[in-house]
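2 protein chains.
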Amino acid sequence: MTPPTDPARRAPLSRERVLRAAVALADGTGIEALSMRRLAQDLGVVPMALYKHVANKEELLDGMVDVVVGGIGSPDLDPGWRAAVRGRILAAREALRSHPWALQVIRSRNGPTPALLAHMDAVIGSFRNGGFSVDLTHHVMHALGSRLLGFTQEVFDAPAAAPHPRPPEPDAALGQLAERYPYVAELAGASAHDDGSVVGRGCDDQLEFEFALDLLLDGFERLRHEGWTSAPAGGQAC
Amino acid sequence: MTPPTDPARRAPLSRERVLRAAVALADGTGIEALSMRRLAQDLGVVPMALYKHVANKEELLDGMVDVVVGGIGSPDLDPGWRAAVRGRILAAREALRSHPWALQVIRSRNGPTPALLAHMDAVIGSFRNGGFSVDLTHHVMHALGSRLLGFTQEVFDAPAAAPHPRPPEPDAALGQLAERYPYVAELAGASAHDDGSVVGRGCDDQLEFEFALDLLLDGFERLRHEGWTSAPAGGQAC
DNA sequence: TCGAAAGGTGTACGGCGTACACCTGACAGT
DNA sequence: ACTGTCAGGTGTACGCCGTACACCTTTCGA
Numbered sequence: 001m002t003p004p005t006d007p008a009r010r011a012p013l014s015r016e017r018v019l020r021a022a023v024a025l026a027d028g029t030g031i032e033a034l035s036m037r038r039l040a041q042d043l044g045v046v047p048m049a050l051y052k053h054v055a056n057k058e059e060l061l062d063g064m065v066d067v068v069v070g071g072i073g074s075p076d077l078d079p080g081w082r083a084a085v086r087g088r089i090l091a092a093r094e095a096l097r098s099h100p101w102a103l104q105v106i107r108s109r110n111g112p113t114p115a116l117l118a119h120m121d122a123v124i125g126s127f128r129n130g131g132f133s134v135d136l137t138h139h140v141m142h143a144l145g146s147r148l149l150g151f152t153q154e155v156f157d158a159p160a161a162a163p164h165p166r167p168p169e170p171d172a173a174l175g176q177l178a179e180r181y182p183y184v185a186e187l188a189g190a191s192a193h194d195d196g197s198v199v200g201r202g203c204d205d206q207l208e209f210e211f212a213l214d215l216l217l218d219g220f221e222r223l224r225h226e227g228w229t230s231a232p233a234g235g236q237a238c
Numbered sequence: 001m002t003p004p005t006d007p008a009r010r011a012p013l014s015r016e017r018v019l020r021a022a023v024a025l026a027d028g029t030g031i032e033a034l035s036m037r038r039l040a041q042d043l044g045v046v047p048m049a050l051y052k053h054v055a056n057k058e059e060l061l062d063g064m065v066d067v068v069v070g071g072i073g074s075p076d077l078d079p080g081w082r083a084a085v086r087g088r089i090l091a092a093r094e095a096l097r098s099h100p101w102a103l104q105v106i107r108s109r110n111g112p113t114p115a116l117l118a119h120m121d122a123v124i125g126s127f128r129n130g131g132f133s134v135d136l137t138h139h140v141m142h143a144l145g146s147r148l149l150g151f152t153q154e155v156f157d158a159p160a161a162a163p164h165p166r167p168p169e170p171d172a173a174l175g176q177l178a179e180r181y182p183y184v185a186e187l188a189g190a191s192a193h194d195d196g197s198v199v200g201r202g203c204d205d206q207l208e209f210e211f212a213l214d215l216l217l218d219g220f221e222r223l224r225h226e227g228w229t230s231a232p233a234g235g236q237a238c
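Top to bottom, those sequences are chains W and P.
In terms of my numbering, the first sequence is residues 1 to 238.
In terms of my numbering, the second sequence is residues 1 to 238.
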């Protein structure tokens, strides 16, 4: 009665299997619970076995990012820069939606993975083919920031609202909050669904995202139309 | 010849002293080198002594954030919503500039610290007093995102450029990069100072930041002027 | 047949956050 | 002046973490 992890019957490890298991583990239990030991256990293998397929944890994380980012599809038939950019960014949003850990991991890396570079290249290409100068393209890419990946980067990440412990004292705290931070309270009150989220993930829904995205795209189009160039403050790009 | 950490002569610990030392340590050696043990050592104290002043590492990080965010000054005499918002955001940028770890720590917390709430409250207040509806204010706060704190959230954080290892093969890699990601290469080439940074921290300078900020503020002003309301897609705020 | 490689194992190390019991010195109440 | 309390610093220990290194097995081409 050898357990289900019978080493003989078990499918052989591979980089891809490791990465897929890591993604599944992060999806299921959160990125902070992803450890080499835990991942090895999920794969029915001893921790050090993983190191035959990934160099270290950093590379594992890179690989996971590429798995997720590689899943961003492209519309391909090019319907003008605006629709192309918009489509690609919303596709990225779709791809990253079900992997909440991915954005955080991407941000913590030292540079873009190949899949990320490809994504950026596609977006840059849409701008350039849409008549944006190199200069302006550079600026609008900066302005997009992490929106490139489909997420408005809020000030803080979690779904919480009240100062810190998740539910501190559900009622009294809200009173104090209203008194000390009247404008925050007003906003929170107006947009409260059921949770009292202020500017948290709970609000970062499709509508909210597209509002900000379109606001930027509108601005971009105006600058492009005006033949904008980085004159105002002297220096070239950056 | 008792060493400089003579327990008798050493100033007594306090929450404030712990926090200040933690900020200094993070500033000096990076947030990833900040451990309770290392911090205790810097203070000439045994690790567990810290726990008499902060509940745990999480609370330590919160405290550090409040130290930094609490240093954001306000212009106070109110010169119209746009200058007020702009000024406050640039003040935040100034305050966070010398603590590169702060933004990352803030993002990783579960909710805003008191100082953060105060900052947000001030910005929201500027919008409201400037004639923005609650609805529109809510949306523009989302659109600002982490720019509220003075930083454009780029896709990835570090100063790197070429795919991954810091300098992989300085020349050959650049050729491959140009071939595989032509648009990225074009942008990188155009804006290269000395390092080949693409869309990294190296570029996130004042000019770049203010470009994006003003683009958004322009958009906000237009919406305000038009009496915008969240009509287009049905639902209320979010 | 054999030698080398590829891939899984076991042990061990140094670092982390922190629970828990303990000690020490200052000080308030009698 | 004695004593009880208690804030604050100490020491030890536990269970995690990533991973270096030596080892063993399996497979497969020459």
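For glycine and all other residues, C-beta sits at the position ideal for the given N, C-alpha and C.
Source: prediction; values computed, not measured.
* From the beta carbon of W:Met120, is the nearest beta carbon of chain P less than 8 Å away? -> Against the first sequence, residue 120 of chain W aligns to sequence position 120. Residue contact with chain P for W:Met120: present (Cβ-Cβ distance below 8 Å to some residue of chain P).
* Asked: Distance, Cα to Cα, P:Ala143 vs W:Ala22?
  -> Mapped onto the second sequence, residue 143 of chain P falls at position 143. Mapped onto the first sequence, residue 22 of chain W falls at position 22. Linking P:Ala143 to W:Ala22 through their CA atoms gives a straight-line distance of about 33 Å.
* State buried or exposed for P:Ser35, treating a residue as buried only when at least 16 other CB atoms are found within 10 Å of its CB. => Residue mapping note: residue 35 of chain P aligns to position 35 of the second sequence, counting from 1. When all chains shown are included, P:Ser35 counts as exposed.
* Are W:Val69 and W:Leu19 close, meaning C-beta to C-beta below 8 Å? -> Locating residue 69 of chain W in the first sequence gives position 69, where the first residue counts as 1. Locating residue 19 of chain W in the first sequence gives position 19, where the first residue counts as 1. When the beta-carbon positions are compared, W:Val69 and W:Leu19 stay at least 8 Å from each other.
* To do: Can you pull the chain W residues whose beta carbon is under 8 Å from the beta carbon of P:Ile124, in chain order?
  => What you label residue 124 of chain P is simply residue 124 of the second sequence in a count that begins at 1. Listed by position along chain W, the residues whose Cβ is nearer than 8 Å to that of P:Ile124 are Tyr183, Val184, Glu186 and Leu187.
* CB contact below 8 Å: P:Glu208 versus chain W -> On the second sequence, position 208 is the one that residue 208 of chain P refers to. Interface residue, yes.
* Asked: Can you list the alpha helix (DSSP H) stretches of 4 or more residues lying completely in the stretch 106-147 of chain W, in chain order?
  -> DSSP runs (the alpha helix (DSSP H)) wholly in the stretch 106-147 of chain W: 114-129 and 134-144.
* To do: Please classify W:Gly200: does DSSP put it in a helix, a strand, or coil?
  => Translated into positions along the first sequence, residue 200 of chain W becomes position 200. Per-residue confidence for W:Gly200 stands at a pLDDT of 46, beneath the threshold of 50, marking its modelled position as unreliable; no derived number is given.
* Asked: So which of W:Gly227, W:Gln206 and W:Glu221 has the shortest CA-CA distance to W:Glu94?
  -> Here residue 94 of chain W is taken as the residue at index 94 of the first sequence, counted from 1. It is W:Gln206.
* Closest Cα partner of P:Arg147 within the set P:Val85, P:Val45 and P:Gly80 -> Position 147 of the second sequence holds residue 147 of chain P. Residue P:Val85 is the option with its Cα nearest to P:Arg147.
* **Beta-carbon neighbours of P:Thr152, restricted to chain W and to distances below 8 Å** => Here residue 152 of chain P refers to the residue found at position 152 of the second sequence. The contacting residues are His142, Ala143 and Gly145.
* So which residues on chain W does P:Val85 lean against when the C-beta distance must stay under 9 Å? -> Here residue 85 of chain P corresponds to residue number 85 of the second sequence, with the count starting at 1. Chain-order list of chain W residues neighbouring P:Val85: empty, with the shortest C-beta distance near 12 Å, by a criterion of under 9 Å.
* Asked: Does the separation of the CB atoms of P:Gly145 and W:Thr152 fall below 8 Å?
  -> One-based indexing of the second sequence puts residue 145 of chain P at position 145. One-based indexing of the first sequence puts residue 152 of chain W at position 152. Yes, they are a contact pair.
* **the stretch 177-186 of chain W contacting the stretch 114-122 of chain P, beta-carbon criterion three pairs below 8 Å** => Yes, the stretch 177-186 of chain W touches the stretch 114-122 of chain P.
* Could you tell me which chain P residues have their CB closer than 7 Å to the CB of W:Asp218, listed as they occur along the chain? => Here residue 218 of chain W refers to the residue found at position 218 when the first sequence is read from its first residue. What W:Asp218 touches in chain P: Gly219.
* Using DSSP with H/G/I as helix, E/B as strand and the rest coil, what is P:Tyr181? -> Taking the second sequence and counting its residues from 1, the one referred to as residue 181 of chain P is at position 181. DSSP places P:Tyr181 in coil when its eight states are reduced to three.
* To do: Closer than 7 Å by beta-carbon distance: list the chain W residues that pair up with P:Gly134, in chain order.
  => As a working mapping, residue 134 of chain P is identified with position 134 in the second sequence. Reading off the sequence shown, one finds Val at residue 134 of chain P, where the question assumed Gly. Going along chain W in sequence order, the residues near P:Val134 (Cβ under 7 Å) are Glu186, Leu187 and Ala190.
* Asked: Is there contact between the stretch 76-85 of chain W and the stretch 32-49 of chain W, where contact requires at least three CB pairs shorter than 8 Å?
  -> They do not touch, by the three-pair rule.
* Asked: Looking at chain P, which residues of the stretch 103-114 of chain W have a Cβ within less than 8 Å of any of its Cβ atoms?
  -> Cβ contacts with chain P: Gln104, Ile106, Arg107, Ser108, Arg109, Asn110, Gly111, Pro112, Thr113 and Pro114.
* Asked: Closer than 8 Å, CB to CB, is P:Arg255 near chain W or not?
  -> Residue 255 of chain P cannot be examined here, being either before or after the span of chain P that is shown, 1 to 238.
* Counting contacts by CB-CB distance shorter than 8 Å, is P:Leu96 in contact with chain W? -> For the purposes of this step, residue 96 of chain P is taken as the residue at position 96 of the second sequence. Not closer than 8 Å to any Cβ of chain W, the Cβ of P:Leu96 fails to qualify, so no.
* Asked: Taking the continuous alpha helix (DSSP H) assigned at P:Glu226, which residues delimit it?
  -> Working through the second sequence from its first residue, we reach residue 226 of chain P at position 226. In the DSSP assignment, P:Glu226 falls outside any alpha helix (DSSP H), carrying neither H nor E.
* Asked: If you check the beta carbons only, do P:Ile106 and W:Val155 fall under 8 Å apart?
  -> Sequence index remark: in the second sequence, residue 106 of chain P carries index 106 (1-based). Sequence index remark: in the first sequence, residue 155 of chain W carries index 155 (1-based). Against a cut-off of 8 Å, the Cβ pair of W:Val155 and P:Ile106 comes out as a contact.
* Asked: Going straight from the alpha carbon of W:Ile72 to that of W:Arg97, what length do you get?
  -> On the first sequence, position 72 is the one that residue 72 of chain W refers to. On the first sequence, position 97 is the one that residue 97 of chain W refers to. Between W:Ile72 and W:Arg97, the alpha-carbon positions lie close to 11 Å from each other.
* Would you report the Cα separation of P:Gly131 and W:Arg224, rounded to the nearest angstrom? -> On the second sequence, position 131 is the one that residue 131 of chain P refers to. On the first sequence, position 224 is the one that residue 224 of chain W refers to. A direct Cα-Cα distance of roughly 30 Å separates P:Gly131 from W:Arg224.
* From P:Asn129, P:Asp218 and P:His99, residue whose alpha carbon lies closest to that of P:Leu25 -> Your numbering for residue 25 of chain P matches position 25 in the second sequence. The candidate whose alpha carbon is nearest that of P:Leu25 is P:His99.
* CA-CA distance, P:Arg17 and P:Asp62? -> Along the second sequence, one-based indexing puts residue 17 of chain P at 17. Along the second sequence, one-based indexing puts residue 62 of chain P at 62. Roughly 15 Å separates the two Cα atoms.
* W:Glu58: buried (16+ other C-beta within 10 angstroms of its C-beta) or exposed? -> Here the question's residue 58 of chain W lines up with position 58 in the first sequence. Classification of W:Glu58: exposed, given that the 10 Å Cβ count is below 16.
* **6 Å Cβ shell around W:Trp101 - same chain, five flanking residues per side excluded** => One-based indexing of the first sequence puts residue 101 of chain W at position 101. These residues qualify, in order along the chain: Ala26 and Ile31.
* Report yes if the CB atom of P:Arg82 is closer than 8 Å to the CB atom of P:Glu221, and no otherwise. => One-based indexing of the second sequence puts residue 82 of chain P at position 82. One-based indexing of the second sequence puts residue 221 of chain P at position 221. Yes; because the gap between Cβ atoms is below 8 Å, this pair is in contact.
* Asked: Starting from W:Gly87 and walking both ways along the alpha helix (DSSP H), at which residues does that stretch end?
  -> Counted from its first residue, the first sequence places residue 87 of chain W at position 87. Here the alpha helix (DSSP H) through W:Gly87 covers Trp81 to Arg97.
* With 16 other Cβ atoms within 10 Å as the buried cut-off, status of W:Pro112 -> Residue mapping note: residue 112 of chain W aligns to position 112 of the first sequence, counting from 1. It counts as buried.
* Asked: For P:His99, which residues in chain W fall below 9 Å Cβ to Cβ?
  -> For the purposes of this step, residue 99 of chain P is taken as the residue at position 99 of the second sequence. Here the premise fails: no neighbours, minimum Cβ distance about 16 Å.
* Buried versus exposed, by CB contacts within 10 Å (16 or more), P:Val28 -> Against the second sequence, residue 28 of chain P aligns to sequence position 28. Before going on, a small fix: residue 28 of chain P reads as Gly here, not Val. It is exposed - the Cβ of P:Gly28 has fewer than 16 other Cβ atoms within 10 Å.
* Asked: Are the C-beta of W:Leu117 and some C-beta of chain P separated by less than 8 Å?
  -> The count along the first sequence starts at 1 and reaches residue 117 of chain W at position 117. With 8 Å as the cut-off, W:Leu117 counts as an interface residue toward chain P.
* Where do the N-terminal and C-terminal ends of the alpha helix (DSSP H) with P:Thr29 fall, by residue? -> Mapped onto the second sequence, residue 29 of chain P falls at position 29. The continuous alpha helix (DSSP H) containing P:Thr29 extends over residues Arg15 to Thr29.
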